[in-house]
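Numbering (my numbering), first residue to last: 8 to 670. The beta-carbon is built from N, C-alpha and C at its ideal position, and this holds for glycine as well. Accompanying notes for the structure given below.
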C-alpha cells in the first residue's frame, strides 16, 4: 500500500534514502516511496464505560493505541465474546453475563497483535424474583420427584451460591420427597455483596391421598395447609360431625340422638358417634378413685391377687358408669402377660401374638374417650397409642364417677409396662408384695410417661390404676375447629444460647427463639408462620406478656392445649409434645425437655433462669417437659412460683414451645 506521507529527501535523507534523482527546476527533489509493513503492536486497550450491567445490551466505546503510528497497512480489529468487528472510538453494543475478560485482536498483512482488558459488572447482591416447586400438590406419603427453580430480578455479581434448607443447589435441582403434610422449603442465595431468602411451600393433597378424617357424610376440600371438611347435602354440622336432616327428626332420631329443631337434624348424644340415626358408643378409659400399694390384693374391694385383683377394682368402679355388658381391665403387665395382650382380654406375650401365635398379633382395641362429662378424646386405636407413634390425646385424670383427681395424690399409676405395651421387668412380684419396685406411669403424662414415667418406685408407694374398656370402638369425632391457632414443640433442639441453632438465621437471644419457631412453622407449611413466637421469658419480660393473642391454641392434631390463662395456672389441657412435623416426641425427663425460663405461673424468674436472656451456655435455665400436662410442662421441679430446678444451658437436646400469635 502506498504511503500517505511524503518524505523530504533534503531533510530526511537518512530516514528515507537518496536515489540521486534531482528536480529539473534546481529545487529539492521530493519522492513518494512505500514504507515498510509492520505487525500491529497494541500498547493500550480501554473500554468506556469500564462497568456495565449484566445481561443488559449497553453501548461501549473502545479505544486503543499502537507502539508505532502509523502501522502499515491499516489493521482490521475485532473483540471476542460475541462483540465482533470494532473501530477505535466508535460505540458498539455489548452484552455480558458477568465480569468478562475481553481480547482485542488487530490484524494486517504482516500479522496480528492483541491486548486484553476486563469489562466488569458492578457488584450486586442477589434479589430473588421467583422460587417455584413442581409438581404441586403432591400425593401424601408417596415418593415424588420435585423440581425447584428460581430467577433473579437483578443481575447479581459475583454469581451467587445457593442452598435449599442448607443443601447446595442450582436452579432446576430435583429432590425426591415423601411428605405426609405440606412443607415449606427455604432458598438462600448469597455472594460477597449479600444474600436473599425466599420460601416455597410444597402442598400435599391430603384429600386425594385419603389421609383426611372428614365425616363419612362430608366432602374433603384440599388447602395448602391441610384440608377442610364440609357436610354433604342432607346433613348439617362442621364437617367433622355431620348430623342427618330429617323433617320428622323427633321420630326419626336414633335411640342415642337428640333432635335439634334449629337445624332440623338428629345429633348423637355426648359419648356417641354417628349421623344421628345410627349412633355408636365410644369406648371409655378412666383412672381409679381407689389407690394403694403394689400388693393389689390389699386394696379395699379387691378380689383375687395380681392382675385379677386389678381387674376386679376396675370393674367395680366401672359400674358407676351405668353400662351393662361391658368389661374393663387394668392397663398392667406381669411376668406372664403383657398389658397389650391384657386389654385384648388375652394372656401371654405380645412377642408371640398374645397366645395366638407369631404373626397373629391382635389389633382390635380402641380408640378411647375419657370418662368425664364431655367424653374428651383420650387415646387412639392401640397401634397409634403405643410406640413408635406414642399418640395420646387428653390426659386421663378422671375417675369413672367423673371426678378429676389430677390435683389429688397419688399422681402415679401402677403399670409394670413400657410404651410398647410390654412388661418392664418390675411389677412388685406380679403385684403381690410391697417389697421391691414396680414401674409406674404418670397421671398427667403423654408420650412415654403415661405408662412408664422413668423410675420404678418402691412397691410400698401409693398408686392408682388405669382402667381400659375391652374391644374396638367407633372412630372418635374429629377435633379440628375452624381457624384453630396452632402450638407445637420444635422437632429441632439445641443449647440455651439460641444463636447457635441453625434456624436462628444469625439472630440471637429471644429474637433467635422466635425466628426458630417461625422457621419451623415455615417448614410445616403454615401460612401465618411469621406470627409464631416462643413461649419463653427473657430479661425481665414474662412469656405471657410477649403475646397479643390470648388463645385458645391447639396441637396440630386438633387437641386443645389451652388459653393464655390456662398456660399460667400450672396445668394445661394436654401435653404439648407434638412437633410441627406432626410427630409425637417420646418424652421423659431426659429426652423431652424444653427451654422456657418461665415459672409454672408464667412469670420471668431471674437471669439465672433463662441462660442470661438466652445468650450464654455457661448459665442455667428453667426447663419444661413436653410429655407433661401439669406444672412440669413449663417448669420441672416445682409447682410454685419459685422453681427448685434449673439446668445447664450447655445441654444440646432441649427444644422450644412455639405458639401462633396472629390476631
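Residue range of the beta strand (DSSP E) that includes residue i
i: residue 391; result: Segment 389 to 392 is the alpha helix (DSSP H) holding residue 391; no beta strand (DSSP E) there.
i: residue 204; result: 201 to 209
i: residue 314; result: Element bounds for residue 314: not the beta strand (DSSP E) but the alpha helix (DSSP H), 313 to 325.
i: residue 171; result: 168 to 171
i: residue 181; result: 180 to 184
i: residue 449; result: 447 to 449
i: residue 193; result: 190 to 198
i: residue 113; result: 107 to 115
i: residue 86; result: 83 to 86
i: residue 134; result: Here residue 134 belongs to no beta strand (DSSP E), and DSSP marks it neither H nor E.
i: residue 476; result: 473 to 476
i: residue 120; result: 118 to 126
i: residue 539; result: 539 to 541
i: residue 249; result: 249 to 251
i: residue 568; result: 567 to 569
Within 8 Å, strictly: CB atoms of residue i and residue j
i: residue 313; j: residue 437; result: yes
i: residue 111; j: residue 49; result: yes
i: residue 448; j: residue 435; result: no
i: residue 128; j: residue 103; result: yes
i: residue 193; j: residue 206; result: yes
i: residue 540; j: residue 666; result: yes
i: residue 293; j: residue 211; result: no
i: residue 454; j: residue 591; result: yes
i: residue 636; j: residue 562; result: no
i: residue 662; j: residue 601; result: yes
i: residue 236; j: residue 229; result: no
i: residue 53; j: residue 117; result: no
i: residue 575; j: residue 631; result: no
i: residue 365; j: residue 350; result: no
i: residue 466; j: residue 424; result: no
i: residue 196; j: residue 135; result: yes
Where the alpha helix (DSSP H) through residue i begins and ends
i: residue 621; result: 618 to 621
i: residue 438; result: 435 to 438
i: residue 634; result: Counting along the chain, residue 634 falls outside any alpha helix (DSSP H), and DSSP gives it neither H nor E.
i: residue 667; result: First-last for residue 667: 664 to 667, but that is the beta strand (DSSP E), not the alpha helix (DSSP H).
i: residue 229; result: Looking at the DSSP string, residue 229 is not in any alpha helix (DSSP H); the run it does join, the beta strand (DSSP E), is 225 to 229.
i: residue 578; result: Premise fails: residue 578 is in no alpha helix (DSSP H) and is neither H nor E.
i: residue 216; result: 213 to 216
Assigned exposure category for residue i - 16 Cβ within 10 Å defines buried
i: residue 29; result: The predicted position of residue 29 is uncertain, since its pLDDT is 41 and thus under 50; a value taken from the coordinates is nonetheless stated next. With fewer than 16 Cβ atoms within 10 Å of its Cβ, residue 29 is classed as exposed.
i: residue 332; result: exposed
i: residue 379; result: buried
i: residue 70; result: exposed
i: residue 659; result: exposed
i: residue 4; result: There is simply no residue 4 to check, as the chain begins at 8 and stops at 670 in what is shown.
i: residue 239; result: exposed
i: residue 508; result: buried
i: residue 76; result: exposed
i: residue 396; result: exposed
i: residue 652; result: exposed
i: residue 308; result: exposed
i: residue 401; result: buried
i: residue 66; result: exposed
i: residue 582; result: buried
i: residue 95; result: exposed
i: residue 147; result: buried
i: residue 93; result: buried
i: residue 656; result: buried
i: residue 19; result: Note that residue 19 scores 37 on pLDDT, short of 50, meaning its location in the model is unreliable and no value can be drawn from it.
i: residue 488; result: exposed
i: residue 277; result: exposed
i: residue 183; result: exposed
i: residue 422; result: buried
i: residue 31; result: The predicted model places residue 31 with a pLDDT of 41, which falls under 50 and marks its position as unreliable; any figure quoted below should be read in that light. Result: exposed.
Distance cut-off 7 Å: residue i Cβ against heavy atoms of the ligand SAH
i: residue 144; result: Summarising the ligand content, the structure contains no ligands, and the ligand SAH is consequently not present.
At a cut of 8 Å, does the stretch 512 to 526 reach the stretch 465 to 485 through at least three beta carbon pairs? Remark: fewer than three beta-carbon pairs, one from each stretch, lie closer than 8 Å, so the stretch 512 to 526 and the stretch 465 to 485 are not flagged as touching.
In the stretch 347 to 434, which residue ranges form an unbroken alpha helix (DSSP H) of at least 4 residues, counting only runs that do not cross its ends? 389 to 392
Would you say the stretch 316 to 334 touches the stretch 452 to 470, given that touching needs at least three Cβ pairs under 8 Å? By the Cβ criterion, the stretch 316 to 334 is not in contact with the stretch 452 to 470, since fewer than three pairs of Cβ atoms, one from each stretch, lie closer than 8 Å.
Going along the chain, which unbroken runs of the beta strand (DSSP E) with 3 or more residues stay wholly within the stretch 272 to 306? List check, beta strand (DSSP E) in window: 272 to 275, 279 to 281, 286 to 288, 290 to 294.
Counting Cβ pairs, one atom from each stretch, are 3 or more of them under 8 Å apart for the stretch 175 to 187 and the stretch 208 to 228? Yes, since at least three Cβ pairs between the stretch 175 to 187 and the stretch 208 to 228 fall closer than 8 Å, the two stretches touch.
Taking 8 Å as the cut-off, does the stretch 338 to 347 touch the stretch 420 to 430 (at least 3 CB pairs, one atom from each stretch)? A contact exists between the stretch 420 to 430 and the stretch 338 to 347.
Contact between the stretch 379 to 390 and the stretch 514 to 530 (3+ Cβ pairs under 8 Å): no
Does the stretch 137 to 156 come into contact with the stretch 79 to 87, if we say contact requires no fewer than three beta-carbon pairs (one atom in each stretch) closer than 8 Å? No, the stretch 137 to 156 is not in contact with the stretch 79 to 87.
When the Cβ atoms of the stretch 487 to 496 are set against those of the stretch 285 to 305, are three or more pairs found closer than 8 Å? no
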